[in-house]
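The opening residue of the sequence shown carries number 2 in my numbering; numbering runs sequentially from there.
Using N, Cα and C, we set each Cβ at its ideal position, and we do this for glycine too.
For clarity, every value in this text was computed on a predicted model and none was experimentally measured.
Please read the structure below before turning to the comments.
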Amino acid sequence: MLKGLIFDLDGVLTNSAIYHLGAWNNLAKELGISLTNQQLDSLRGISRMDSLELILKYGHQEDKYSQAQKEKFAAEKNTKFVEQVEKMTPDDILPGIMDLLNDAKERGLSLAIASASKNAPIILTKLGIMDEFDAIVDPATLHHGKPDPEIYQRAQQLLDLGADEVISFEDAKAGIESIKAAGQFAVGIGDKDLLKGADYLVPTTKELNLAKIEAAFNTNRGK
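Set out below in structure tokens:
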């Protein structure tokens, strides 16, 4: 029986992913690294330091900098990202999301955030939906980033639910892999080829419909 929904944040509830990717792209250019669109897209859903390590790997610079230098780069990127976040308003909530959250509340479902972003509380506050969620995973408490299942396992634990009682939402390949590794039902939002591991897929948040998703969830659980 469905009892809870778990959401990634960037690219799922709001378009803050574009700020993340833009800030990473600018940092890469400063380091003399040119990222392809595919390489940039691979940064979706993974932690700050993991993203930086991946960028350095793409530029064959993984052994060029000390840990202190890497942390400085990551901090600089985050400062630029937060500058953009400060401008966010409830108008930045993606289409269909408020209807989904309202329907979930009417159904009495618990809601949690499973985002690799340490800025999740700030973003949710700017969007005016902080109080909608019963739990937010603190990524600083995790040992492994997506695609490891830890973040989604922690989210369901915070809701005091089992893997077969939740549906999780993602727009990133690493996120879908994380959900599936946690044994949960995965809703993918975006490209069908990139997110082919999802149990239920929609091209954009506009198509998210709780009744249809729950029907697919029940069918899946009945197999």
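Pick out whichever of the options has its Cα sitting closest to the Cα of residue i.
i       : options                            : result
His-145 : Ile-137, Arg-155, Tyr-20           : Arg-155
Tyr-20  : Ala-216, Ile-114, Lys-197, Val-86  : Val-86
His-284 : Ser-48, Ala-29, Ala-182, Arg-45    : Because the chain spans 2 through 224 in this model, residue 284 falls outside it and cannot be assessed.
Arg-45  : Asp-135, Lys-207, Leu-195, Leu-102 : Leu-195
Asn-38  : Tyr-59, Asp-51, Glu-54             : Tyr-59
By the three-class DSSP mapping on this structure, what secondary structure does residue i have?
i       : result
Glu-171 : strand
Gly-163 : coil
Leu-101 : helix
Ile-123 : helix
Leu-112 : strand
Ile-56  : helix
Ala-136 : strand
Ile-47  : coil
Ile-19  : helix
Ile-152 : helix
Ile-94  : strand
Ser-179 : helix
Gln-40  : helix
Glu-63  : coil
Met-131 : helix
Lys-30  : helix
Could you please give the first and the last residue of the uninterrupted beta strand (DSSP E) stretch that includes residue i?
i       : result
Gly-5   : 5 to 8
Phe-186 : 186 to 190
Which whole-angstrom value is the C-beta distance of residue i and residue j, which I expect to be below 8 Å?
i       : j       : result
Lys-147 : Gly-189 : Contact doesn't hold; Cβ gap of about 14 Å is too wide.
Gln-185 : Ser-169 : 5 Å
Asp-149 : Ser-179 : 6 Å
Trp-25  : Lys-78  : 6 Å
Thr-15  : Ile-124 : 7 Å
Leu-209 : Gly-97  : 5 Å
By the DSSP assignment, the alpha helix (DSSP H) with residue i in it spans what residues?
i       : result
Leu-14  : Unbroken run through Leu-14: none, as it is neither H nor E.
Val-83  : 68 to 86
Thr-206 : Looking at the DSSP string, Thr-206 is not in any alpha helix (DSSP H), and its letter there is neither H nor E.
Bridge partners of residue i, per DSSP?
i       : result
Tyr-201 : Val-188
Taking Cβ positions only, does residue i come closer than 9 Å to chain C?
i       : result
Asn-103 : Of the chains in the structure shown, none is chain C; there is only one protein chain.
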